[in-house]
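> Numbering (the working numbering), first residue to last: 10 to 518. C-beta: ideal position from N, C-alpha, C; glycine also. All values reported here derive from a predicted model rather than from experimental measurement.
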Ligand SMILES: Cc1cc2nc3c(=O)[nH]c(=O)nc-3n(C[C@H](O)[C@H](O)[C@H](O)COP(=O)(O)OP(=O)(O)OC[C@H]3O[C@@H](n4cnc5c(N)ncnc54)[C@H](O)[C@@H]3O)c2cc1C
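1. Is it the case that the Cβ atoms of residue 606 and residue 200 are separated by a distance below 8 Å?
2. Taking DSSP as the reference, what is the three-state secondary structure of residue 509?
3. Give me every residue whose Cβ sits closer than 6 Å to any heavy atom of ligand 1, in chain order.
4. Among 44, 84, 102, which has the Cα closest to the Cα of residue 10?
5. Between the alpha carbons of residue 497 and residue 478, how many angstroms are there, rounded?
6. Could you pull the DSSP bridge partners for residue 134 from this structure?
7. How would you label residue 317, buried or exposed, when you count the other beta carbons within 10 angstroms and need 16 or more for buried?
8. Do you know offhand how far residue 435's Cα is from residue 256's?
9. Could you tell me the distance, in whole angstroms, from the CA atom of residue 111 to the CA atom of residue 272?
10. Counting only the same chain and skipping the five closest in sequence on each side, list residues whose C-beta sits under 6 Å from that of residue 216.
11. Using a threshold of 8 Å, state whether the C-beta atoms of residue 358 and residue 465 are closer than that.
12. With distance defined between alpha-carbon atoms, name the residue in 391, 206, 251 nearest to residue 296.
13. Among 61, 283, 251, 28, which has the Cα closest to the Cα of residue 192?
14. Taking the straight line between their C-alpha atoms, what separation do you get for residue 46 and residue 99?
15. On the three-state DSSP scale, how would you describe residue 481?
16. Need the endpoints of the beta strand (DSSP E) that residue 424 sits in, please.
17. Assuming residue 302 and residue 493 are in contact, meaning their beta carbons sit under 8 Å apart, how far apart are those beta carbons, in whole angstroms?
18. When the Cα atoms are used, what is the spatial distance from residue 19 to residue 326?
19. Beta-carbon separation of residue 329 and residue 422 under 8 Å?
20. In the DSSP output, which residue or residues are listed as bridge partners for residue 81?
21. Among 214, 119, 482, which one has its Cα closest to the Cα of residue 261?
22. Less than 8 Å between the CB atoms is what I'm expecting for residue 197 and residue 368, so what's the real figure, rounded?
23. With H, G and I counted as helix, E and B as strand and the rest as coil, what does DSSP make of residue 20?
24. Would you check if the distance between the CB atom of residue 39 and the CB atom of residue 81 is smaller than 8 Å?
25. Return helix, strand or coil for residue 405, following the three-state DSSP convention.
26. Looking at residue 33 and residue 162, is the spacing between their C-beta atoms short of 8 Å?
27. Going by Cα to Cα distance, which pick from 286, 78, 469 is closest to residue 308?
28. Measuring CA to CA, which of 375, 265, 87, 57 is closest to residue 344?
29. Need the endpoints of the alpha helix (DSSP H) that residue 123 sits in, please.
30. Should residue 456 and residue 437 be called a contact, given that it needs their Cβ atoms to be closer than 8 Å?
31. Three or more C-beta pairs closer than 8 Å, one from the region 280-291 and one from the region 441-453: is that the case here?
32. Of the residues 463, 293, 207, 313, which one's Cα is nearest the Cα of residue 394?
33. Give me, in chain order, the residues of the same chain whose beta-carbon lies closer than 8 Å to that of residue 36; leave out the 5 immediate sequence neighbours on both sides.
34. The alpha helix (DSSP H) that contains residue 252, what's its start and end?
35. Should residue 126 be flagged as near chain D, meaning a C-beta pair shorter than 8 Å?
36. Determine the direct distance from the alpha carbon of residue 360 to that of residue 332, and round the result to whole angstroms.
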């Protein structure tokens with residue numbers, strides 16, 4: 010007697026789940042999730058990722074039980090676990106989603122593929138998003154994405170035959186046992202499909218009314234943004250179901266809700282970005298480790314200043330907006346796009362830090378860490394892709410634009426509550442006597458490690474000098490071909506089409 014194995018990875022749901030659907034049609038099924046020590050030992054892994062996964066597995070276990078299937082959670086490297094399952098009962102076929110993960114998961118998938126080949130086990134892998142395996146360029150990518158998102162959801166099996174495999178019961182390892190720093194942001198989002206559906210529902214029906222105009226300020230963003238990223242990262246929701254239900258909801262909104270409809274349209278366009286960025290890592294896994302444009306090699310690597318990095322991680326750069334964002338991340342595991350971009354920009358330009366260590370640290374801080382989006386964005390915001398015009402965010406201006414009254418910085422940095430409005434944006438300039446009068450110590454208001462204007466000017470000069478080099482300019486075309494989006498041209502006029510529908514995607518690449 011054999012069994013088909015469904016290997017759950019970052020697809021912790023039963024809805025719109027092609028591997029599960031196909032495996033159930035194949036015969037008796039074993040559902041498994043591996044807690045892989047090597048993955049949790051990676052520098053991008055964090056306790057919050059692990060606990061969120063465990064919460065999601067609980068929901069998954071219940072949903073599988075409703076269709077008569079048992080979820081086996083094994084603490085094992087995937088390959089060792091498959092060997093063990095195969096020893097108990099020969100595996101007839103392996104079913105999973107494709108994963109565009111970090112270098113460790115990529116290496117593990119290659120080892121599993123090799124083993125499947127040796128054992129004559131057919132491994133059926135299915136696409137989870139609009140990301141396509143084996144592509145050489147981006148021609149027609151957007152059209153394929155739209156077709157994928159519009160295709161009917163994969164049905165959920167009503168009943169299934171469990172293989173009946175008996176595995177010894179084991180207790181889940183603690184984060185510490187996996188070698189993780191135990192910090193878990195106390196206000197982070199909770200895992201699982203139930204939470205995911207609630208978040209989706211209250212975003213579509215209530216919060217999306219604030220999406221337009223609400224997503225840039227860190228004050229309004231926590232409720233105005235969808236907050237769905239983490240549920241997409243762990244696959245508690247399928248991208249296709251989110252896309253379809255959103256488009257359907259836009260169609261149901263009346264004229265009086267046109268602002269909400271426009272907000273939802275830009276939300277839907279971001280679902281496209283999600284896949285667009287993951288596709289970059291899928292096509293070139295090395296961008297986790299090296300510059301997308303090799304012409305930027307050596308730009309910052311040799312200038313590493315550990316003290317700058319420590320101040321950034323410690324929320325003590327002295328720029329209140331930056332420190333408040335780091336503090337918010339620590340407490341919630343989430344930050345809106347603009348503030349993430351500002352953090353990376355500050356790290357990359359005035360602090361002149363290489364994106365790799367900063368990226369590993371931020372990966373552990375973001376609950377929704379998705380390697381494809383993360384590493385592409387780290388490089389984009391650090392100016393090493395070669396195809397994006399560098400955007401340099403001034404943290405003082407960001408505070409003036411998005412936290413005019415200082416409510417955000419005062420929420421996350423207690424000392425800022427004592428700072429009078431006049432010194433809100435540059436508190437380190439407060440005269441000593443005034444500080445003392447307000448009960449503020451030197452540690453409360455650190456002077457920034459660098460002069461923002463001077464350090465940013467120096468960084469820009471270094472970057473733009475590099476951009477002008479002929480070898481750097483020449484290398485750009487190949488990167489655009491491989492990774493750049495193809496903006497849709499009207500074939501009859503060769504002009505860009507006007508924004509018209511949900512499918513008209515405004516991309517910032
Ligand atoms: C340096 C940096 C690192 C980032 N790392 C991640 C990451 O690891 N995981 C992640 O999901 N997002 C990442 N983002 C993108 C973005 O900041 C988050 O997707 C967003 O803040 C999540 O909140 P939300 O779900 O409420 O977003 P919404 O604004 O509601 O967006 C809806 C969905 O669209 C997708 N999306 C939104 N913005 C982007 C974008 N710029 N690129 C790609 N997809 C996008 C996400 O799936 C998101 O859930 C990163 C951005 C930066 C600048």
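Reading from the atomic positions:
1. The requested residue 606 is not part of the displayed model; the chain covers only 10 to 518.
2. Note that residue 509 scores a pLDDT of 29, beneath 50, so its modelled location is shaky and nothing firm can be said.
3. 224, 234, 235, 236, 237, 238, 241, 242, 276, 279, 280, 282, 283, 286, 345, 346, 349, 350, 353, 375, 377, 378, 379, 382, 383, 386, 387, 390
4. 102
5. Its pLDDT being 47, under 50, residue 497 is placed unreliably by the model, and the measurement read from it follows with that caveat. About 30 Å.
6. 105
7. buried
8. 44 Å
9. 32 Å
10. 232
11. yes
12. 391
13. 61
14. 25 Å
15. helix
16. From DSSP, residue 424 is part of no beta strand (DSSP E); its letter is neither H nor E.
17. Rounded, the Cβ-Cβ distance is 12 Å, inconsistent with contact.
18. 35 Å
19. yes
20. 41
21. 214
22. That belief does not hold up - the Cβ atoms of residue 197 and residue 368 are roughly 20 Å apart, past 8 Å.
23. coil
24. yes
25. helix
26. no
27. 469
28. 375
29. 112-128
30. yes
31. no
32. 293
33. 11, 12, 13, 101, 170
34. 248-261
35. Chain labels in this structure do not include chain D; a single protein chain is all it has.
36. 14 Å
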